[in-house]
Amino acid sequence: MRTVNAGAPRRGCGRPTCRCALSLSRPAVIAGGSWVPSGHPTADGQVGRRVDAARTSRTSHAWGAARRAGGDRRRAPEGARARGPRPLATIGRTRRRPPEDAVLRLSNPTREYPWGSPTAIFDLLGEDPTGEPAAELWLGAHPAAPSVVETTDGEQRLDELIARDAESVLGRDVVARFGRTLPYLLKVIAVARPLSLQVHPSLERAREGFAAEEAAGIDLMDRRRSYKDRNHKPELVHALTRFEGLCGFRAPRRVVELLADLDAPLAQAIHHLLAGDPTAQGIRTAFRRLLEPELRPAPEEVGEVVEACRRRLAAGASPSPRADRTVVLLGEAYPGDPGVVTSLLLNPVTLEPGEAMFVPSGGVHAYLDGTAVEVMANSDNVLRAGLTTKHIDVPELLANVDYVAAPPIRIAPEVVNEVTRVYYAPVDDFELSVTEVPAGGAHPLPGRGPRIVFCLDGEVRITAETDDSIDLARGQSAFVPASDGALTIEGIGADGAGRVVQADVP
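Residues are numbered in the working numbering as their position in the sequence shown, beginning at 1, plus a constant of 2.
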């Protein structure tokens, strides 16, 4: 595995016949992938339903009791469902300031997909499970599911706050480089079931694909839509638990070894292709053989490969028990899906807690199990080819894949002070830092520009150069505008310790 160590409070919908009387004090829902107010009809005829109960306002000392007490939850279906941002609490604010000069508490939407964990994100947020799988927690300003901030004017979507005064909120440098939008999106992902075989487009391909779908008249909320925005989506994954996945292509000769004695006609066909051409072109041919609609194998052929791997495992004759177990796992989750067999072409990857990897544009990948923090360019562009019930777009995925065989890219953190490690990704859109503060004393929190801070453990106080501060307990988060300047952090919980992740712009 490669290692890289690089240094307006109220607004209306504008429809005179609509009775939504949209106010951000009303609960919002994510319907069909886009934000809509409660009671407001979406483009495909859904009607937004209330999704959130008011979170109890609480002092930092009452936080633990309040989060255990919980409250009712109201959710709205999406194809995969999503809960909108929870109304905001007001812990530990030293004084009120204008939005562009304050540390702002965030309320963040949860995305409910079938592959998500029924407990992990709820546990992190200190909430009772709903019985539904919570797959992702989004922290950012992507219009598909923006966080909400508390301002002196009331609750406001983060993307709208930025649009109102981008230079103060983002800083002139960020606006000059990325425009009037937050360059990154921070997520918590909780994987309990393997999720889609996917790739993210480059910036050029994203712009071309978005323009083509706009010209074709495909609505952003249409399930057939592949390009949700004009941005690329490289991402950095930082494991919170043991995290398992597949990422990038194995060396072709290693794939030949795995397939050599696998007793299934499809496996032998792929073996023949790669044995005759163990290059990137051979990988491309084999990958397309498995996925292109006119070439893809029948479900029965996929099943034969799964059973051959199962037999080989039982006999103790596998050259890679891990690879065979992955085929069996995927075959049980997605019977007959050609993506099951593509796993034999891909590198397995395991991240232990605290380890990180970078997934570039064009890097084919699938996640299998575990909980992690992800930071990525501010995009929701995902091209899928299998292992999913969502929209797949095989031609677009194949056109975007980088077929060069290479190990996954591990990112080694740089220790910048006694409490903080920074993971520098080889892109300009984001970087991620992890800070663990012991009891006693304030410590500098590195980073500049617009920052999002998420508390993973304990309880901390974040203080800006403006003297504005906010207290964050486990599962809480804040947005720090560029105008707030440098930050310090101190642990204020029962034992004084705390741990946070921070996303910012390099």
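Just so it is clear, CB atoms sit at the ideal spot from N, CA and C, and this is done for glycine as well.
Please read all numbers here as calculations on a predicted model, not as lab measurements.
Span of the beta strand (DSSP E) around residue i
i       : result
Gln-504 : 500-506
Leu-447 : 445-447
Ile-472 : 471-475
Arg-386 : 385-388
Glu-433 : 433-439
Tyr-425 : 422-425
Residues that DSSP places opposite residue i in a beta bridge
i       : result
Ala-466 : Leu-489
Ser-320 : Paired residues: none, contrary to the question.
Ala-376 : Rather than Ala, the amino acid found at residue 376 in this sequence is Glu. Answer by DSSP bridge pairing, in chain order: Lys-189 and Val-239.
His-367 : Gln-200 and Cys-249
Ile-494 : Paired residue(s): none; Ile-494 is not in a bridge.
Leu-315 : The partner list for Leu-315 (beta bridge, DSSP) is empty, contrary to what the question assumes.
Asp-459 : Arg-501
Arg-453 : Val-482
Thr-153 : Gly-156
Trp-417 : A small fix is needed here, since residue 417 is Val in this sequence, not Trp. Partner(s): Arg-423.
Leu-297 : DSSP lists no partner for Leu-297.
Leu-141 : Leu-188
Residue range of the alpha helix (DSSP H) that includes residue i
i       : result
Val-257 : 254-261
Gly-211 : 205-217
Glu-157 : Taken as a continuous stretch (DSSP letters only), Glu-157 belongs to no alpha helix (DSSP H), being part of the beta strand (DSSP E) at 156-159.
Ala-401 : 396-402
Distance between beta carbons of residue j and residue i, contact taken as under 8 Å
i       : j       : result
Leu-188 : Leu-141 : 4 Å
Glu-138 : Arg-159 : 18 Å between Cβ atoms; not a contact.
Asp-506 : Glu-433 : 6 Å
Pro-254 : Thr-281 : 6 Å
Gly-128 : Gly-477 : 5 Å
Leu-264 : Glu-303 : Not confirmed; about 13 Å, so no contact.
Thr-391 : Pro-116 : 7 Å
Test: residue i CB closer than 8 Å to a CB of chain D
i       : result
Glu-237 : Looking at the structure shown, chain D is missing, and only one protein chain is on hand.
Discussion item. If we require 4 or more residues per run, which alpha helix (DSSP H) segments fall completely within the segment 335-362?
Written reply: 341-344
Worksheet item: Can you list, in chain order, the stretches of the beta strand (DSSP E) that have 3 or more residues and sit fully within the segment 96-137?
Response: 106-109
Worksheet item: Are three or more beta carbon pairs between the segment 451-463 and the segment 417-431 nearer than 8 Å?
Response: no
Practice prompt. Report the residue ranges of all beta strand (DSSP E) runs contained in full by the segment 169-200; include only those spanning at least 3 residues, in chain order.
Written response: 186-193
Item to complete: Please confirm if the segment 386-396 is in contact with the segment 193-213, defined as three or more CB-CB distances below 8 Å between the two stretches.
Response: yes
Fill in: beta strand (DSSP E) segments (min. 3 residues) lying fully within the segment 219-285
237-241 and 245-251
Discussion item. Can you confirm whether the segment 332-340 touches the segment 203-216 when touching is taken to mean that 3 or more C-beta pairs between the two stretches lie within less than 8 Å?
Written reply: no
Worksheet item: Three or more C-beta pairs closer than 8 Å, one from the segment 362-370 and one from the segment 398-416: is that the case here?
Response: yes
Practice prompt. Could you tell me whether the segment 429-443 touches the segment 372-381, where touching means 3 or more Cβ pairs closer than 8 Å?
Written response: yes
Worksheet entry | Three or more C-beta pairs below 8 Å linking the segment 307-325 and the segment 274-289 | no
Discussion item. If contact is defined by three or more beta carbon pairs under 8 Å, each pair taking one atom from either stretch, is the segment 169-188 in contact with the segment 490-498?
Written reply: no
Practice prompt. Check whether the segment 144-156 touches the segment 120-136, taking contact to mean three or more Cβ pairs, one atom from each stretch, closer than 8 Å.
Written response: no
Item to complete: Say whether the segment 343-355 touches the segment 283-294, bearing in mind that this needs 3 or more beta-carbon pairs closer than 8 Å, one atom from each stretch.
Response: yes
Discussion item. Does the structure place the segment 226-241 close enough to the segment 350-357 that three or more beta carbon pairs sit under 8 Å?
Written reply: yes
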